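J.: Be aware that the sequence shown starts at 18, since it is given in the working numbering, and climbs by one per residue. Before anything else, here's the structure in question.
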Amino acid sequence: MTTSSMEQFVEKIKDSKVLWALTAGNEEDWLVIESATKAEHDVFLLWSSADNARATCTDEWSDYTPTPISLTEYVDFWVEEFANENVLIGLDWADEQENIEVGVVELAQVLIESGVHQDK
């Protein structure tokens with residue numbers, strides 16, 4: 018995904034400062050899939066809105082529901098863990114389109130450099 022694509026995603030969340038992921042049953046069972054491009058990497062999927070996330074809750078993902086993650090929680094807690102585990106991020110994935118995987122650190126850099134995430 019190009020930097021401009023990440024910037025477009027960040028623009029969508031700048032007001033809410035909320036990311037959306039999918040969980041099944043509880044907030045411990047997050048949807049993580051295998052990378053289509055990098056062997057031995059997992060992809061954690063994030064959406065810019067609950068509606069976008071909900072749209073993918075069909076077929077094999079029908080048991081999942083959108084769950085919010087604050088931007089602060091994501092940057093302060095999840096980025097380091099994901100980076101240590103070589104987890105990639107999928108942004109606004111949808112059926113019938115090319116879905117791109119991005120590095121967790123690269124996304125965090127765009128969030129910080131754009132001013133959307135600010136340490137307080």
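Yeah, the Cβ is synthetic: ideal placement off N, Cα and C, and Gly gets one too. Predicted model, so just to flag it, every value in this text is computed and none were measured.
(1) What do you reckon, are the CB atoms on residue 119 and residue 31 nearer than 7 Å?
(2) Could you give the DSSP three-state label for residue 15: helix, strand or coil?
(3) Kindly indicate if chain B contains any beta-carbon less than 7 Å away from that of residue 99.
(4) State the Cα-Cα distance for the pair residue 135 and residue 86, rounded to the nearest angstrom.
(5) Beta-carbon separation of residue 110 and residue 67 under 7 Å?
(6) Based on the DSSP output, what are the partners of residue 86 in its beta bridges?
(7) Can the beta-carbon of residue 63 be found closer than 7 Å to that of residue 106?
(8) Just to confirm, is the Cβ distance from residue 61 to residue 27 under 7 Å?
(9) Which one or two residues does DSSP pair with residue 61 in a beta bridge?
(10) Nearest to residue 112 by CA position, among 33, 73 and 126, is which residue?
(11) Let's test the definition: count the other Cβ atoms within 10 Å of the Cβ of residue 99 and tell me whether it reaches 16, buried, or not, exposed.
T.: Judging by the given coordinates:
(1) Residue mapping note: residue 119 aligns to position 102 of the sequence shown, counting from 1. Residue mapping note: residue 31 aligns to position 14 of the sequence shown, counting from 1. No, the Cβ-Cβ distance between residue 119 and residue 31 is not below 7 Å.
(2) Not covered by the structure: residue 15. The range shown for the chain is 18 to 137.
(3) In summary, chain B is missing from the structure at hand, where a single protein chain is found.
(4) Looking up residue 135 in the sequence shown gives position 118. Looking up residue 86 in the sequence shown gives position 69. Cα-Cα distance, rounded: 16 Å.
(5) Residue numbering aside, residue 110 sits at position 93 when the sequence shown is read from its first letter. Residue numbering aside, residue 67 sits at position 50 when the sequence shown is read from its first letter. No.
(6) Counted from its first residue, the sequence shown places residue 86 at position 69. Its beta-bridge partners are 36.
(7) Counting from 1 along the sequence shown, the entry for residue 63 is found at position 46. Counting from 1 along the sequence shown, the entry for residue 106 is found at position 89. In this structure, residue 106 lies closer than 7 Å to residue 63 by Cβ.
(8) Position 44 of the sequence shown holds residue 61. Position 10 of the sequence shown holds residue 27. Residue 61 places its beta carbon 7 Å or farther from that of residue 27.
(9) One-based indexing of the sequence shown puts residue 61 at position 44. According to DSSP, residue 61 bridges with 49 and 106.
(10) Taking the first residue of the sequence shown as 1, we reach residue 112 at position 95. Ranking 33, 73 and 126 by Cα distance to residue 112 puts 73 first.
(11) If you number the sequence shown from 1, residue 99 lands on position 82. A residue is called buried once 16 or more other Cβ atoms fall within 10 Å of its Cβ, and residue 99 is buried on that count.
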